[in-house]
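Protein chains in written order, with my numbering: chain L, 3 to 326; chain W, 3 to 326. All C-beta atoms in this analysis are idealised placements derived from N, C-alpha and C, irrespective of residue type, glycine included. None of these values were measured; they are calculated from a predicted model.
Protein chains: 2
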Amino acid sequence: MMVDKLILEMKKSENIVILPHIQADGDGLGASLALGLALKKMSKKVKILLEEPISFTYEFLPGKELTQLYSQGIESEFEKYDLAIALDTGDIERLGKRAPIFEKSKVTINIDHHNTNSEFACFNYVQAGLSSVGEMMYSLLDIMELNIDKDIATCLYTSIISDTGGFRYSNTKPDTHRIAAELIDKGVDVAEISRRVFETNSLEKIKLMAHAINSLQLYEDGKIAIISIGEQTMKDEGATEDDCNGMVNIGRDIQGVEVAIMLRECDDNSVKVNLRSNGYLDVSAIANQFSGGGHKKASGCIVKGSLEEVKIKLVDSIKKALMD
Amino acid sequence: MMVDKLILEMKKSENIVILPHIQADGDGLGASLALGLALKKMSKKVKILLEEPISFTYEFLPGKELTQLYSQGIESEFEKYDLAIALDTGDIERLGKRAPIFEKSKVTINIDHHNTNSEFACFNYVQAGLSSVGEMMYSLLDIMELNIDKDIATCLYTSIISDTGGFRYSNTKPDTHRIAAELIDKGVDVAEISRRVFETNSLEKIKLMAHAINSLQLYEDGKIAIISIGEQTMKDEGATEDDCNGMVNIGRDIQGVEVAIMLRECDDNSVKVNLRSNGYLDVSAIANQFSGGGHKKASGCIVKGSLEEVKIKLVDSIKKALMD
């Protein structure tokens, strides 16, 4: 079995580097830290190599001392490493500037849950049905009979809640909850982690939210909700791209709304578009019309034009789709 | 054991009325519908008597055909009932106008998880350590060996997520997750229920949110966040008291905030105050100073004066407390 091969490779190796995808989220980061802490217990030399600094949201995670930030020229430092493990990474491009370090490693392992995984390593362990790599990692550490302590449990729990929206997405299976139960048994602080991951906003984001709400327009008897954020507003509020995350949900969550759109004006006379569907309308088909892509319920595209021009095009396209 | 007595009483009775507390929330309503559906399977005649209509949020719950809305003069209808069961109800006052119906019933049962429960029934089954009556009800139906079908599971799951904030509060225990796993195994639609319970806002609430954010003021280097909503704003937006629910969290969730205050201007030159603490400050002590009450992390009071006057008093009191 693949799992046995992975375990054998980990046991054989002395120097191990772990690489989550670029812009590591709660799942990639949590699973990396959990595995790092577990390998440390096996007396391995471990580095978790990150493309960007850990975001404020995940600063509370244990195991940070195992992380190192990528910088140009550090490739040589990793030449002596005998195993590289990519986590939560669908293809080699998602390792960004760290891809050469992964590729030059003697042995490579790829542990992932994306159904589009390109199996780019020597050993590929992909379980597309699972909510998170955190869930996969729990089972792996369990098979390895490694003692999952409070720190490792905290990392795994964070992985799982990040990728399930706190047990709210349809990828939440009975076993997801069973694993959460085991992790809480190890001492995970549910309320504190939930607060850190889900209930902490920057002041800039909150202020941006007010602008977004004030820009709200409804079409087709409230079935279509549009929110737009201008470039000047972003500058005025000192907001970052990160602060725009999830803003489309303001429209999506309004009673009666079928399709929500968020328009974000960019510098170059183009508009970044986020689309969400609450029901039957497939918004990936809408995004496709504008050379974008995504899923049935969440998609995106970038469209040339002013906010007003793009808004008219999109509303028009969605109106037609709603009539079909 | 108390559980055996309850089961015996339910088995003996033919006509059973179930009463959740006034302004029934997801837990009270979900547990009532679950028990109602289960008793139906035992061929009992069941009514779930409600003080108010089911709110939009919980309209999707199965078993609505068992509910009846209280109206004056219906007391006589329940004279022939041989068992009344109060759910999620800390004391008899929480049954509102339905209290006499409960009290006149031949046998009464009280199933609750509030540690302040006054044990007002013939049979009182109180488990203060549990997250929700939904969790208690799951165990009860399990002991009764009643087949928990998808409809009952949907009601119980809604109970549990309502009272744990979707597995985010500190009352979420390992067994809470184990029960959730069993319920999802019965076919609960996790994503749809989560959307209904947590991700549906009225348009009025969203608009009120923008006003609230625009009113935001920070004190003490961003440790204190105050949001105020004027009576005129409520009228202008056609907002209800319900729309104000959770608004205090806008302030609480801002990075660096220790204490969040929401002020809601009332008609009679008084201000309704909500207080939330993120950390060490006990906001029930603040509320006590103004004849209010609550918990360490969530409290409230009503203070005479204008929005501005009340704001000054509260900030002053919290500043002092932060210095202690």
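Work out the CA separation of residue j and residue i for me, nearest whole Å.
i, j, result
"I229 (chain L)", "L218 (chain L)", "5 Å"
"L2 (chain L)", "G248 (chain L)", "This structure cannot speak to residue 2 (chain L), because chain L is shown only from 3 to 326."
"M44 (chain L)", "I18 (chain L)", "12 Å"
"L265 (chain W)", "G294 (chain W)", "14 Å"
"R96 (chain L)", "E53 (chain L)", "10 Å"
"S73 (chain L)", "D6 (chain L)", "34 Å"
"L132 (chain W)", "K298 (chain W)", "19 Å"
"A101 (chain L)", "I24 (chain L)", "10 Å"
"L316 (chain L)", "L277 (chain L)", "10 Å"
"A289 (chain L)", "S301 (chain L)", "6 Å"
"Q234 (chain L)", "K99 (chain L)", "32 Å"
"I215 (chain L)", "A214 (chain W)", "11 Å"
"S308 (chain W)", "G167 (chain L)", "40 Å"
"G333 (chain W)", "D255 (chain L)", "This structure gives no information on residue 333 (chain W), because the portion of chain W shown stretches from 3 to 326."
"C246 (chain W)", "K237 (chain W)", "13 Å"
"N112 (chain L)", "E121 (chain L)", "7 Å"
"S161 (chain L)", "D187 (chain W)", "22 Å"
"S286 (chain L)", "K42 (chain W)", "44 Å"
"S66 (chain L)", "G30 (chain L)", "Residue identity check: residue 66 (chain L) is Lys in the sequence provided, not Ser. When rounded, the distance between both Cα atoms is 14 Å."
"M325 (chain L)", "D284 (chain L)", "13 Å"
"T118 (chain W)", "G92 (chain W)", "6 Å"
"M4 (chain L)", "K13 (chain L)", "14 Å"
"D351 (chain W)", "D151 (chain L)", "With chain W running from 3 to 326 in the structure shown, residue 351 (chain W) is simply not present."
Are the beta-carbon atoms belonging to residue i and residue j less than 8 Å from one another?
i, j, result
"S272 (chain L)", "I304 (chain L)", "yes"
"D27 (chain L)", "S164 (chain L)", "yes"
"G208 (chain L)", "V261 (chain L)", "In the sequence on display, residue 208 (chain L) carries Ile and not Gly. Not closer than 8 Å, so no."
"T174 (chain L)", "E137 (chain L)", "no"
"E267 (chain L)", "E239 (chain L)", "no"
"Y221 (chain L)", "I181 (chain L)", "no"
"L85 (chain W)", "S34 (chain W)", "no"
"A155 (chain L)", "G189 (chain L)", "yes"
"T69 (chain W)", "I56 (chain W)", "yes"
"Y83 (chain L)", "S107 (chain L)", "yes"
"V109 (chain W)", "E11 (chain W)", "yes"
"I103 (chain L)", "F80 (chain L)", "yes"
"F363 (chain W)", "F169 (chain L)", "Only positions 3 to 326 of chain W appear in the structure, and residue 363 (chain W) is not among them; the question remains open."
"G224 (chain L)", "V259 (chain L)", "yes"
Helix, strand or coil for residue i? Go by DSSP, reduced to three states.
i, result
"M138 (chain L)", "helix"
"F125 (chain W)", "strand"
"G189 (chain W)", "coil"
"A155 (chain W)", "helix"
"S164 (chain W)", "helix"
"I263 (chain W)", "strand"
"Q70 (chain W)", "strand"
"T110 (chain W)", "strand"
"G32 (chain W)", "helix"
"A26 (chain L)", "coil"
"I20 (chain L)", "strand"
"Y171 (chain W)", "coil"
"Y83 (chain W)", "coil"
"S15 (chain W)", "coil"
"S272 (chain W)", "strand"
"G38 (chain L)", "helix"
"K47 (chain L)", "strand"
"S286 (chain L)", "helix"
"S279 (chain L)", "strand"
"Q257 (chain L)", "coil"
For residue i, is the beta carbon positioned less than 7 Å from some heavy atom of the ligand ZN?
i, result
"T69 (chain W)", "The ligand content of the structure shown is nil, which means the ligand ZN is not present either."
Identify the contact partners of residue i in chain W, using a Cβ-Cβ distance below 7 Å as the criterion.
i, result
"Y171 (chain L)", "A193"
"S196 (chain L)", "R170"
Residue i touches chain L at which residues, Cβ-Cβ below 8 Å?
i, result
"Q257 (chain W)", "F58, T202, N203, S204 and L205"
"H115 (chain W)", "Correct list: empty, because the minimum Cβ distance to chain L is about 17 Å."
"G168 (chain W)", "G168, F169 and R170"
"K175 (chain W)", "I186"
Counting only Cβ pairs nearer than 9 Å, list the residues of chain L close to residue i.
i, result
"A212 (chain W)", "M211, A212, H213, A214, I215, N216 and L218"
"I150 (chain W)", "Correct list: empty, because the minimum Cβ distance to chain L is about 13 Å."
"I252 (chain W)", "N203, I208 and M211"
Can you tell me the Cβ-Cβ gap for residue i and residue j, rounded? I've got them flagged as a contact below 8 Å.
i, j, result
"D114 (chain W)", "D144 (chain W)", "Rounded, the Cβ-Cβ distance is 19 Å, inconsistent with contact."
"P64 (chain W)", "C157 (chain W)", "7 Å"
"A193 (chain L)", "Y171 (chain W)", "6 Å"
"M211 (chain W)", "I252 (chain W)", "7 Å"
Could you name the residues of chain L that residue i contacts, counting a contact when the two beta carbons are closer than 7 Å?
i, result
"A182 (chain W)", "H179"
Quick check on residue i - is its C-beta less than 8 Å from some C-beta in chain B?
i, result
"T118 (chain L)", "Looking for chain B here will not work: the only protein chains present are L and W."
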